[in-house]
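Numbering (this note's numbering), first residue to last: 8 to 367.
Here is the structure:
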């Protein structure tokens with residue numbers, strides 16, 4: 008795709024969401040990095056981008072990926088899907104993406120994954136109104152119909168739990184954490200001085216846990232992706248919302264959380280400039296929510312209550328800092344241990360996201 012066409016691809020959402028008070032513009036530099044053929048993701052993924060035009064005007068876009076790091080066999084992904092309320096354009100876009108995936112050997116298409124399970128996942132299909140939480144999907148309400156009319160059916164739902172840390176019953180989880188410390192478990196936050204090493208260790212544990220659980224559409228983080236993630240999140244990191252847990256020198260648990268910076272990111276409008284950056288930094292000082300992105304427990308520690316202990320510790324930190332909401336997301340349907348952790352700590356299902364599938 009030419010540079011001009013790529014710019015059209017990247018900027019289309021500004022037309023789709025014009026006037027939508029809840030949309031958070033993505034950072035164009037991050038979007039480019041995800042799609043860059045020289046980027047970390049593309050080291051293990053082939054991709055093709057498509058645009059739909061009507062009367063000379065771009066009305067839709069989609070990307071097709073064949074991610075060689077994904078464990079699902081003969082499965083291609085669609086992502087970065089945006090379209091006006093135009094079923095014919097959506098059908099044409101998706102058919103073009105499916106044709107390319109078939110040519111690459113795929114027998115099933117899944118998505119939206121933009122570009123993988125490690126980034127934006129699914130379509131928002133129901134839940135609380137308002138802007139999305141950091142690194143969560145957002146879309147017009149008609150998108151599920153566009154995919155359904157193109158032959159896509161529900162593959163798996165992903166749930167976002169909301170927890171009010173001011174009213175959560177943290178005592179049992181905190182007691183569990185204290186008891187584990189007494190038995191030699193060491194709880195500590197990510198350290199800025201060793202951030203890259205800590206993120207690499209956490210993602211190694213993530214890969215182990217997801218692989219051992221045969222997680223739906225799992226794709227392992229690579230070392231280069233870990234490095235990119237560390238650099239991209241460095242400015243948002245608050246160590247209070249992270250944990251690593253070691254036992255006998257082995258990393259057995261980890262929790263990655265971030266302040267929900269979306270209200271501040273809105274001021275950037277996709278680009279970093281002096282005035283926008285000043286507004287962004289001011290917005291960071293006014294945040295009142297946190298997102299827990301990932302909770303990992305080593306397979307040998309499953310059932311010991313470590314997930315609840317780590318989450319309670321982070322909720323305690325959120326409570327102490329005046330946070331009004333913690334989003335525990337996402338949790339795929341069928342992951343009963345994670346659902347139990349959220350419910351045990353007072354969480355409720357606030358939003359539902361859906362990944363669709365279609366046989367090719």
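Glycine included, each C-beta is placed from N, C-alpha and C at the ideal position.
Predicted model only: the values in this text are computed from it and were never measured.
Compute the Euclidean distance between the alpha carbons of residue i and residue j, then round it to the nearest angstrom.
i           : j           : result
residue 383 : residue 187 : The chain is shown from 8 up to 367; residue 383 falls before or after that span and cannot be answered.
residue 344 : residue 143 : 22 Å
residue 2   : residue 59  : Nothing about residue 2 can be reported from this structure: the residues present for the chain run from 8 to 367 only.
residue 258 : residue 118 : 32 Å
residue 49  : residue 167 : 28 Å
residue 107 : residue 53  : 11 Å
residue 267 : residue 26  : 22 Å
residue 93  : residue 19  : 14 Å
residue 28  : residue 136 : 11 Å
residue 182 : residue 312 : 11 Å
residue 248 : residue 323 : 10 Å
residue 254 : residue 113 : 42 Å
residue 237 : residue 184 : 27 Å
residue 339 : residue 216 : 14 Å
residue 297 : residue 321 : 10 Å
residue 250 : residue 80  : 33 Å
residue 277 : residue 308 : 42 Å
residue 256 : residue 214 : 19 Å
residue 109 : residue 70  : 14 Å
residue 289 : residue 47  : 31 Å
residue 360 : residue 156 : 18 Å
residue 218 : residue 335 : 21 Å
residue 10  : residue 38  : 14 Å
residue 121 : residue 306 : 28 Å
residue 295 : residue 201 : 27 Å
residue 287 : residue 21  : 19 Å
residue 12  : residue 325 : 43 Å
residue 45  : residue 51  : 11 Å
residue 357 : residue 111 : 38 Å
Starting from the Cα of residue i, find the closest Cα among the options and give me that residue.
i           : options            : result
residue 40  : 300, 296, 235      : 235
residue 32  : 274, 363, 349      : 274
residue 364 : 82, 170, 125       : 82
residue 319 : 244, 242, 177      : 177
residue 85  : 171, 110, 64, 123  : 123
residue 230 : 212, 246, 243      : 212
residue 98  : 367, 154, 172, 28  : 154
residue 172 : 367, 366, 355, 360 : 355
residue 252 : 203, 304, 276, 293 : 304
residue 174 : 327, 286, 342      : 327
residue 310 : 47, 294, 260, 201  : 260
residue 43  : 361, 8, 210        : 8
residue 170 : 210, 350, 23       : 350
residue 271 : 141, 342, 67, 191  : 141
residue 127 : 191, 109, 146      : 146
residue 301 : 30, 156, 359, 337  : 337
residue 203 : 243, 233, 30, 306  : 233
residue 341 : 30, 357, 220       : 220
residue 316 : 357, 192, 293, 45  : 192
residue 24  : 67, 294, 285       : 67
residue 4   : 346, 286, 45       : Any answer about residue 4 is impossible in this case: the structure gives the chain only from 8 up to 367.
Give me the Cβ distance between residue i and residue j, rounded to the nearest whole Å; I'm assuming they're in contact under 8 Å.
i           : j           : result
residue 180 : residue 352 : 6 Å
residue 372 : residue 265 : The displayed coordinates of the chain run from 8 to 367. Any statement about residue 372 would go beyond what the structure contains.
residue 15  : residue 65  : 5 Å
residue 262 : residue 299 : 7 Å
residue 138 : residue 269 : 6 Å
residue 96  : residue 62  : At roughly 11 Å, the Cβ-Cβ gap does not stay under 8 Å, so residue 96 and residue 62 are not in contact.
residue 34  : residue 17  : That pair is no contact at about 10 Å.
residue 209 : residue 125 : About 13 Å separates the two Cβ atoms, so there is no contact after all.
residue 366 : residue 115 : 6 Å
Return the chain-ordered ranges of every alpha helix (DSSP H) run that is complete within the segment 158–211 and spans a minimum of 4 residues. Every alpha helix (DSSP H) of 4 residues or more that sits fully in the segment 158–211 is shown, in chain order, as 178–189.
Entirely enclosed beta strand (DSSP E) segments - the segment 49–112, minimum 3 residues: The DSSP assignment places 52–61, 64–74, 82–90 as complete runs of the beta strand (DSSP E) inside the segment 49–112, in order along the chain (cut-off: 3 residues).
Inspect the CB distances between the segment 192–207 and the segment 331–340 and report whether three or more fall short of 8 Å. Counting Cβ pairs under 8 Å, fewer than three are found: no touch.
Count the C-beta pairs between the segment 268–284 and the segment 215–233 that are closer than 8 Å, then say yes if the count reaches three, no if not. Too few Cβ pairs lie closer than 8 Å, so no.
The segment 94–111 touching the segment 162–178, judged by at least three CB pairs closer than 8 Å: Touching, no, given that fewer than three Cβ pairs across the two stretches are closer than 8 Å.
Is there contact between the segment 73–81 and the segment 128–142, where contact requires at least three CB pairs shorter than 8 Å? Touching, no, given that fewer than three Cβ pairs across the two stretches are closer than 8 Å.
Would you mind listing the alpha helix (DSSP H) stretches within the segment 243–313 that are 4+ residues and don't spill past its ends, in chain order? Taking only runs of at least 4 residues, the alpha helix (DSSP H) segments lying wholly in the segment 243–313 are 269–272, 281–291.
With three or more beta-carbon pairs closer than 8 Å as the criterion, would you say the segment 146–153 touches the segment 89–99? Segments in contact, yes.
Ignoring anything shorter than 4 residues, give me the alpha helix (DSSP H) runs that lie fully in the segment 311–360, in order along the chain. Within the segment 311–360, the complete alpha helix (DSSP H) runs of at least 4 residues are 313–327, 343–351.
Please go through the segment 110–152 and give each complete beta strand (DSSP E) segment of 3 or more residues, from N-terminal end onward. DSSP runs (the beta strand (DSSP E)) wholly in the segment 110–152: 115–118, 130–134.
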